[in-house]
Amino acid sequence: MRPIDLASRSGVALRRAFQAQQLRRVAGSRQYSNVTSLPPTYEKLHNKYSEVRRVLGAQRLTLAEKILYSHLDNVEESLLNNTNNGRDIRGKANLKLKPDRVNMQDASAQMALLQFMSCNLPQTAIPASIHCDHLIVGSKGADDDLQAGIQTNHEVFDFLESAAKKYGLDFWAPGAGIIHQTVLENYAIPGLMMLGTDSHSPNAGGLSTITIGVGGADAVEALVGAPWELKAPKILGVRLTGKLSNWASPKDLILHLAGLLTVRGGTGYIVEYSGPGVETLSCTGMATICNMGAEIGATTSIFPYTEASARYLEATRREQAVKNAAAFQNFPGAGASEDAYFKFKADEGAQYDEVIEIDLSKLEPHINGPHTPDLSTPLSQFKTTVQEQKWPEKLSAGLIGSCTNSSYEDMTRVESIVRAAEEAGLKPKADFYVTPGSEQIRATLERDGTLQTFEKAGGIVLSNACGPCIGQWKRQDGVEKGTVNAILTSYNRNFRGRNDGNLDTMNFLASPEIVTAMAYAGSTTFNPVTDSLTTPDGKEFKFPAPHGLEGPKTPFDIGKDVFKVASQPPNPNEKVAIAPTSERLALLEPFEPFPNSDLSGLKVLVKVSGKCTTDTISAAGPWLKYKGHLPNISANTLNTAVNAETGEVNVAYDLDGSKHTIPELAKLWKERNQPWLVVAEHNYGEGSAREHAALQPRYLGARIIVCKSFARIHETNLKKQGVVPLTLVNEQDYDKIAAGDEVATVGLYDMLQNGGQGEVQLKVTKRGTGEEILIPVKHQVSKDQAGFILAGSALNLLSKGASA
Ligand code: SF4
């Protein structure tokens, strides 16, 4: 594998972009013509940054703002419209951004590519990669699982590979690694802006990139070269002091923060870390923290570029990127002020919308869960909490690794405690699974003996894929669905059923070290910091505090050839592999446009209570196999939602009183041409950036979703698919609407015609009594989004533009 430099590895698409950029520079930006000695990636950033400084003058900027605003399509238009002349950008400006690249995982790439294909373009406008990671079931171990996964999913992998060849994308085959780890190792470079079709894409913020998790429809916008729109996020500053010690790890920082902020606390914010504590963290530790920023709903997270970042780039054989970053930071811009130099850190005096201070020296390990990542308990209180809450005291399994926590540092810290336990004659009492994040990390851990240590201890090394993290876990311990049991993982997310599809599995999150030590105890009440285990010869054994290496002593081993990336120029003669009889893949039919009037005659399909995550709306696990087949996957729509009126799960009642599952009733109504809506509570659509959670309801006939609040990505996804997300002005109005009520919109059509300006109400006609109620609702529809909704979907608009 070559050293990674975006310019050198991105192939034809990026070269094309650079040529266009050269032309633009010659045509209109002569003041930058002195910029010849920067690598192209930074030359582009430098030019845009100079424009940002011209527009905003000496305004102090955070790092996130510097990178984000330097990716605007039209800097002046985005930063000066509706912003009090650039003074109130955050939360107000509509940023139209041109990302540098797009990264897609196999489950979401299918729909993204099916949508891209509808635009009939010969190639993508920017570089992109496909990572086959989500579809491999974790069960017996890497070799068996990978073979089985390829056999089961070959149709999808063939489709993705053929699309990569046709459109000139990088293709990472099954077993090559999990998207975020692979991106960190290969594509992340300080100052880039990337979109990833996965909510944990912000992982790359650990290497000072702005990387945002989006749905496939957003990715398609970037892939066709259209600007991608984002409401300018606010910036939440997290100032770190002190240094982690003993059992505390970067994971504990984000587990603690999730507890402080909750799953909604970061909504509308970029989390930017600063302070002297940053310098004490490894690059991969920073990536873990950014990865799990998704658990607080943040748009993304970012760390400054530090010496550890440079060391990681070198360890991953990207010495050139280190030199480039140094050259760029020392490259003078227009004018003589310090601001003319782009530094990968916030300007001195930059203001944050909110600031949280955390002293790393005082941080203790945390365990979060079950069933939500923000239920955070310090380790010292966990035993008492388990007993008070009557959570299971037996620990069934400990699972470490994944895209979140499989770094060299994580694994060698775990190795240190496994070795100590081995020497004492101990074996894990709970099942112990290890998921390397990529072939590169796996091969390096094998080369350096770490994996062998885990296997000797009885650990099962799974393939370099998502597996149990995304419900693809075939348990071998006989724990059946419906059995209450406890597991600990070092993954990032723990909604119900997330790992094994069992709603009664209590899934807790912790650092890999804590997971492993507790797996040895087989108990959720064991505290490795204070408690001891008894060895086979009756002695007391106390785990030493873990210690590890930030990175390998020699650069990472790139692993087996078969897992290397396939990079290729676009081949127009390549036929994209979709069989007409396929049950896994289906070409898309465009959705019908919005009518030339307000909506009327909608019926409430179901009123949902409690959490309604994207997992609830479109479950993963066994359903992942239908990601490329909209009609087939729609049979899971809302199938774990709780009916607010009856308390039943996945039950809805037709107008004649007959009982159905929610997706069955939606399908019946689709066949009857009965448009519908869902009513829900807070943070509707939190969780993974799963555009199927928007596509499926739309396909089945949903026109609006009404709730108390939305998760950001999902709200955007709904609009892109032509579904109107509306929020109740008065939360109590939730109680006034019931299943079967008829709903008409008032003012919606005018609002859409006016580019998102105007108020909307719902006229609810109560089923049975015929009583009419007017309910005020809010919306966040921008001008572009109004266009998407009127056209029927963003794709309808994009494909029109592309064919024009
Ligand atoms: Fe895969 Fe889990 Fe990471 Fe998502 S969070 S990319 S499912 S390992």
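This note's numbering puts the first residue of the sequence shown at 448, with every later residue one more than the last. The beta carbon of each residue, even a glycine, is placed where N, CA and C say it ideally should be. On a predicted model such as this, the values are computed, not experimentally measured, just so you know.
Would the beta-carbon of residue i be found less than 7 angstroms away from any heavy atom of the ligand SF4?
i, result
"Tyr938", "yes"
"Asp580", "yes"
"Cys916", "yes"
"Gln552", "yes"
"Cys730", "no"
"Asp617", "no"
"Thr851", "yes"
"Asp1062", "no"
"His1161", "no"
"Ile626", "yes"
"His647", "yes"
"Cys1274", "One cannot answer for residue 1274 here, as it falls past the ends of the chain, which runs 448 to 1251."
Which value, in whole angstroms, describes the spacing of the CA atoms of residue i and residue j?
i, j, result
"Phe604", "Pro915", "20 angstroms"
"Pro1027", "Cys566", "20 angstroms"
"Arg922", "Ile934", "12 angstroms"
"Thr747", "Pro649", "5 angstroms"
"Leu1077", "Glu1118", "16 angstroms"
"Tyr788", "Pro993", "40 angstroms"
"Gln478", "Arg507", "Note on Gln478: pLDDT 36, under 50, position unreliable in the model; the coordinate value appears next. Whole-angstrom Cα-Cα distance: 23 angstroms."
"Glu1095", "Val1089", "6 angstroms"
"Thr832", "Thr971", "10 angstroms"
"Pro487", "Asn494", "11 angstroms"
"Ile1254", "Gly588", "The shown model of the chain, from 448 to 1251, leaves out residue 1254, and the question about it has no answer."
"Tyr489", "Gly1148", "46 angstroms"
"Lys1022", "Lys612", "9 angstroms"
"Ala1024", "Phe606", "5 angstroms"
"Ala797", "Thr656", "19 angstroms"
"Phe879", "Thr963", "7 angstroms"
"Ala1091", "Glu870", "54 angstroms"
"Gly712", "Gly660", "17 angstroms"
"Thr411", "Ile749", "No answer is possible for residue 411: it lies beyond the span of the chain, which begins at 448 and ends at 1251."
"Phe1010", "Leu1085", "36 angstroms"
"Pro723", "Ala556", "39 angstroms"
"Ser1056", "Pro983", "50 angstroms"
"Leu708", "Pro569", "45 angstroms"
"Lys678", "Asp806", "32 angstroms"
"His1129", "Ile1151", "16 angstroms"
"His1161", "Ala1127", "14 angstroms"
"Glu795", "Ile1184", "51 angstroms"
Taking the DSSP output, what are the residues bridged to residue i?
i, result
"Gln552", "His578"
"Ile717", "Ile682, Thr747"
"Cys730", "DSSP, once it has assigned bridges, lists no residue as partnering Cys730."
"Glu886", "Partner(s): none; Glu886 has no beta bridge."
"Pro1223", "Gln1208"
"Ile1152", "Val1125, Pro1172"
"Phe942", "Paired residue(s): none; Phe942 is not in a bridge."
Here's a check: name, in chain order, each residue in its chain whose Cβ is nearer than 6 angstroms to the Cβ of residue i, leaving out the five neighbours to either side.
i, result
"Ala868", "Tyr967"
"Met858", "Leu892, Thr897"
"Tyr716", "Pro680, Lys681, Leu683, Ala745"
"Phe829", "Ile814"
"Pro959", "Ile847, Asn852, Asp857, Val861, Ser937"
"Val1012", "Asp617, Trp619"
"Ile1253", "As displayed, the chain neither begins before 448 nor continues past 1251, which places residue 1253 out of reach and without an answer."
"Gly403", "Because the chain spans 448 through 1251 in this model, residue 403 falls outside it and cannot be assessed."
"Ala1233", "Leu1199, Gly1202, Gly1203"
"Ser480", "Note that Ser480 has pLDDT 35, beneath the 50 cutoff, so the model's placement of it is unreliable and the number below is only indicative. Same-chain partners within the cutoff: there are none."
"Pro1223", "Val1176, Gln1208"
Can you list, in chain order, the residues of its chain whose CB lies under 8 angstroms from that of residue i, leaving out five sequence neighbours each side?
i, result
"Ser1246", "Ser565, Cys566, Asn567, Pro1037"
"Asn1018", "Lys612, Lys613, Gly615"
"Val502", "Val522, Glu523, Leu526, Leu527, Gly533"
"Thr1087", "Arg943, Gly944, Leu950, Asp1062, Thr1063, Ala1066, Val1096, Asn1097"
"Lys876", "Leu842, Ala966, Tyr967, Ala968, Gly969, Ser970"
"Phe955", "Ile814, Asn815, Gly816, Pro817, Ala933, Ile934, Leu935, Thr936, Asn941, Thr971"
Leaving out five residues on either side along the sequence, give the residues of the same chain with a beta carbon under 7 angstroms from the beta carbon of residue i.
i, result
"Thr952", "Asn932, Ile934, Asn946"
"Lys1106", "Val1098, Tyr1100"
"Phe901", "Val865, Val881, Val908"
"Arg1031", "Glu602, Val603, Lys1072, Tyr1073, Gly1075, His1076"
Using beta carbons (cut-off 8 angstroms, strictly below), is residue i in contact with chain B?
i, result
"Ala774", "The chain inventory of the structure shown lacks chain B, comprising one protein chain alone."
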